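Here our numbering is used: the first residue of the sequence shown is 1, the next is one more, and so on. Note that the Cβ used here is the ideal one computed from N, Cα and C, for glycine as well. As the structure is a computational prediction, the values presented were derived from the model and not from experiment.
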Amino acid sequence: MNKDDLFNLDGRRFAMVSSTASRVDPAAPTCFAYTEADGVVWGSYEGDTVVHGRFVGARRGAEVRLNYVHLTRQSADPVAGSSTNRIEFLPDGRIRLVEEFQFDGDATPQVSVCEEIVRGGL
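Structure representation (structure tokens):
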């Protein structure tokens, strides 16, 4: 297996476990669905604070750079931004994404952590 294949995100799902931007509801966290083809990454997300979101970007090795836009449960105004994600492996083989991100128009750096969902939950 090619080492780069280990980082492929195609068909993987993730649940947010922590974020500096908002409180994460562990009973209904924001969940992300990833698709990847030839290093191009895209997908959608929704959950506790997000009604609907979309992202697109590129992966090079263990780094994923994304742009995103979503609607929150608090406002009908779209929220957009960009992020850099670092792919890590958990001891059980699942992937953890450590995301450093900023909302457009806000220079405050944020960090979130998502962990891969496998059948039957986290």
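Check, Outcome
"As a quick exercise: from I117, Y34 and A27, pick the residue whose alpha carbon is nearest that of R93.", "Checking the displayed sequence, the identity of residue 93 turns out to be Gly instead of Arg. Closest option to G93, Cα to Cα, is I117."
"By Cβ distance below 6 Å, which residues in the same chain neighbour A80 in space, the five residues on each side in sequence not counted?", "V69 and D104"
"Assuming F55 contacts G43 (C-beta within less than 8 Å), just tell me the rounded distance between them.", "6 Å"
"Straight-line CA distance for H52 to R119?", "23 Å"
"Going by the DSSP bridge assignment, what does F7 pair with across the sheet?", "Note: F7 sits in no beta bridge, so no partner."
"Classify A21 as helix, strand or coil using the three-state DSSP reduction.", "coil"
"Once the 5 residues before and after T49 are set aside, which same chain residues still bring their CB inside 7 Å of it?", "S22, T30, T72 and R73"
"Which ranges would you report for the alpha helix (DSSP H) in the segment 69 to 112 if only whole runs of at least 4 residues count?", "none"
"Checking 8 Å against the spacing of the C-beta atoms, do S83 and E99 come in under that value?", "yes"
"What do you get for E88, buried or exposed, if any count of 16 or more other CB atoms within 10 angstroms of its CB means buried?", "exposed"
"Whole angstroms is fine: what's the gap from A33's alpha carbon to A76's?", "22 Å"
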